[in-house]
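Protein chains in written order, with the numbering used here: chain A, 1 to 777; chain B, 1001 to 1164. Beta carbons: idealized from backbone N, C-alpha and C, even for Gly. Just so it is clear, the structure is predicted and the values come from calculations on it, not from any experiment.
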Ligand code: FES
Ligand code: FES
């Protein structure tokens, strides 16, 4: 019997299926008789819709329906909502930006959905879209964050002055100001956190069917948790009881935050399926994905760091302008506020922090959570500020960090912004990273690069992230008639390998062989509730739910075993190793799978039985704080401005690593995305027309294999104190640490050229200009 | 509005078996495989020739199935990811190495990656790290950061992948 413990690089259960082309992603689902939808999108960044004429489109062969905002309203359908309430500094509520699935009288970004055409084939629907005549009155638009909040900027929404959707603050302003007044030195830096396109390799898709008899919808879509989408469809769009919706999430080809939400197209396939009485399917094209998937980041932030004469941090003040796009997306206002600011202290000891955040509307695709969601932005600011301060003070950048790090002995530690860190050994992780990177040997490598005419730089970033998400999670364990043990979970894998991790955990607790465990996720009819996956929450929250459930299984098992073995419950013990219930001090016992089968058979015969099936909801009481140190070495070709990543080292404390293979994969992937953001990925809007210029993979540079280095990862496990597994979460960490590490290295590489700061993305053009411009100045 | 041109019958040898379907002439090879033959292992990541998710072998050479019409390969032989394993229920050496080295996360780019790496190993049984990165340079992956894919190819070619 194969028995795997924890902390093993176990091969993933999901792999063989995916490797043989047997994955089942949303677009792979062929519902019999399905019609196909196509979304007609606005070609303008801002325009008034004078009229929409669908007559010609309806005459295209194969067309079944052309749906516009008029039909949406006639059916009494509601909003694609933003679900984050937020209070402004003056106590008023944030602005609202209501929208249905289709634009009614105004379009507000290129790509805004205007009509949904349904036909027998995708091609016919697309043909017909060209025959829809929309009369637009083009309006002035603004896509640039820095321009949008200035007086006189074109209004994205007429009722929102200066395009400021919210004006929010956190922390202690008075105390921070007082500390700034007595500071020996103040470092100020404005950084751009560039807008990125999430670009999961699987585009979004959706298919819906409607059972008229039951009045029930079934939606198949690649979500990060079926329940949020189900509840929003029910409550906000259709205003029907939730049980009228079943949302099924099949395999998902990457999410990174972007697939968390209810999108307009999901509501539209449901609506069309009900109207037409047959299944309706929609699959995005790639350029459509660029124009309709939520984007990430897009902040401009002023950071101010106050230090005393010894280089001790006193206070931190930030003023962050966060681009929200044309509509407030599902979680969007939370990202730069609650999510981002909670890690502003990072691993450092401050006496006060004050954060001021302004959410700005622009004529761009809505922005929402992207891997890290607010935390990468805060970490980037802090780590760039520290390097800049060190340079200004003539201090060593490592020494400056060391002097201000929270020591392990101070744990648990409450930060100046009110977060309680349970654990962490930041100094040890820093030292390990410096050793691994051979920091001391860098000058020789720099000299070697210089001999080849290259500028080499080294940079370090210490990051801290706070995981988040739903405060509860559910697990259920069922001993199925086919002999398999089903673990039903409320999280959703989009590639992380949850099936393997949860199976390992269940196997470890119950002594059931991995190959007898089947993880079930994503079907809202089978699993009543779930928190979904986001904020790197899955393992620590679902893990706690699984532990609670396995404990109940064992309790029930003891009861059943006492009946089966004819002994008192108190005399029954369970040994996870081998999964056996036995009578203390005897060799009498029964295996858990046999016991479950016996009880099930008794129940089937109508005999009294104690089934071992159980379900529990765990309350997730505390965030976790994964942290670590990234060190990047970059090499710049001064003639072309091309930046190469020469070495990349990560030392991470993600707490206990249940499957190190998966953790490494998560870190690699996150680092790749962070390097992409730092040096490759530029989302460009034309300032005049508001067109998205980088709307295909030909124009938007995702990092390729040749752009990326070997990423060396070492794990230092400082167990988390607030959950029994000791895990902290690894999904986002790589994307948090990498942008500042790379940019600190790049500024270091160009320091002799007089470069003090450079904004992301450091494309060859930007780097070349920085080198040559700084020289000219 | 013009009615689409009338359907044509196309026959292609897919994974060793002649397969035939009646399709609109503008049907791409990838749509032919996915929609008409139900072979959904070949994916679409961009439909404009950039991401490599739709890669298949055409007469043994890797091609992008989104950039070819099914009609163009009439009578030729195509291998998809479904045809890479030596036998049902088994994995090829390369597929096994992908599993061993954790070279896939969401699995969406994986069929295209396997095709690219399969082709590389057929041409070059012991590729260097650089050669591997070059060979998969036309295949986008948003999940892995590529390193574990490089490791998998090394493993499949009998080379130690010594990575942290
Ligand atoms: S789908 Fe063919 S290259 Fe992207
Ligand atoms: S594994 Fe997800 S895109 Fe490569």
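Segment contact: the region 1126–1141 of chain B against the region 1071–1081 of chain B, fewer than three CB-CB distances shorter than 8 Å; contact not assigned. With a cutoff of 9 Å on beta-carbon distance, residue 473 (chain A) and residue 531 (chain A) are scored as near each other.
Going by C-alpha positions, residue 1016 (chain B) is about 13 Å away from residue 1085 (chain B). Taken through DSSP and simplified to helix, strand or coil, residue 1124 (chain B) comes out as coil. Residue contact check for residue 1016 (chain B) against chain A: no CB pair falls below 9 Å. In terms of beta-carbon proximity, residue 1081 (chain B) lines the interface with chain A, with at least one pair separated by less than 9 Å. Counting C-beta atoms within 10 angstroms of its own C-beta, residue 640 (chain A) has fewer than 16 neighbours from the protein chains shown and is therefore classed as exposed. The beta carbon of residue 1132 (chain B) sits closer than 9 Å to some beta carbon of chain A. Note on geometry: alpha-carbon atoms of residue 59 (chain A) and residue 122 (chain A) lie some 16 Å from one another. In the pairwise beta carbon analysis, the region 351–363 of chain A is classified as not touching the region 427–442 of chain A: fewer than three pairs are separated by under 8 Å. Listed as beta-bridge partners of residue 164 (chain A) by DSSP are A:360. Placement of the Cβ of residue 197 (chain A) at a distance of 8 Å or more from every heavy atom of ligand 1 is found. Contacts between residue 123 (chain A) and chain B, judged by CB atoms closer than 9 Å, involve 1004, 1024, 1026, 1027 in chain order. Measuring C-alpha to C-alpha distances from residue 713 (chain A) to each of A:628, A:759, A:727 identifies A:628 as the nearest.
The beta-bridge partner set that DSSP reports for residue 322 (chain A) consists of A:299, A:359.
With respect to the 9 Å criterion, residue 414 (chain A) and residue 408 (chain A) are not classified as neighbours on the basis of their beta carbons. With a beta-carbon spacing of about 18 Å, residue 64 (chain A) and residue 114 (chain A) fall beyond the 8 Å limit used to define contacts. Here residue 1106 (chain B) is buried. Its C-beta has 16 or more other C-beta atoms within 10 Å. Inter-segment contact for the region 1025–1035 of chain B and the region 1057–1071 of chain B is present: three or more beta-carbon pairs are separated by less than 8 Å. Per DSSP, the unbroken beta strand (DSSP E) holding residue 630 (chain A) starts and ends at 627–637.
DSSP, read as helix, strand or coil, puts residue 231 (chain A) in helix. Linking residue 1046 (chain B) to residue 1139 (chain B) through their CA atoms gives a straight-line distance of about 11 Å.
For residue 222 (chain A) and residue 495 (chain A), the gap between their C-alpha atoms comes out near 11 Å. Excluding sequence positions up to five before and after residue 534 (chain A), its CB lies within less than 7 Å of the CB of 224, 257, 260, 369, 469, all in the same chain and listed in chain order.
For residue 1021 (chain B), the enclosing beta strand (DSSP E) stretches over residues 1017–1023. Taken from the Cβ of residue 1047 (chain B), at least one heavy atom of ligand 1 lies inside 8 Å. Listed along chain B, the residues sitting closer than 9 Å to residue 696 (chain A) by beta-carbon distance are 1046, 1048, 1050. In this model, residue 1042 (chain B) and residue 455 (chain A) are separated by some 43 Å (Cα to Cα). DSSP lists A:216 as the bridge partner or partners of residue 211 (chain A).
What residue 1067 (chain B) touches in chain A, judged by beta-carbon distance under 8 Å, is nothing: the nearest beta carbon there is about 13 Å away.
Put simply, of A:131, A:314, A:56, A:147 the residue whose alpha carbon is nearest the alpha carbon of residue 181 (chain A) is A:314.
Note that the C-beta distance between residue 347 (chain A) and residue 716 (chain A) is not below 9 Å. Of all residues in the region 1138–1153 of chain B, the ones placed with a Cβ closer than 9 Å to any Cβ belonging to chain A are 1138, 1139, 1140, 1141, 1142, 1143, 1144, 1145, 1146, 1147, 1148, 1149, 1150, in chain order. Around the C-beta of residue 92 (chain A), fewer than 16 other C-beta atoms lie within 10 Å, and the residue is accordingly described as exposed.
The beta carbons of residue 190 (chain A) and residue 301 (chain A) sit about 7 Å from each other, so the pair counts as a contact at 8 Å. Remark: the C-beta of residue 1053 (chain B) is in contact range of ligand 1, defined as less than 8 Å to any heavy atom.
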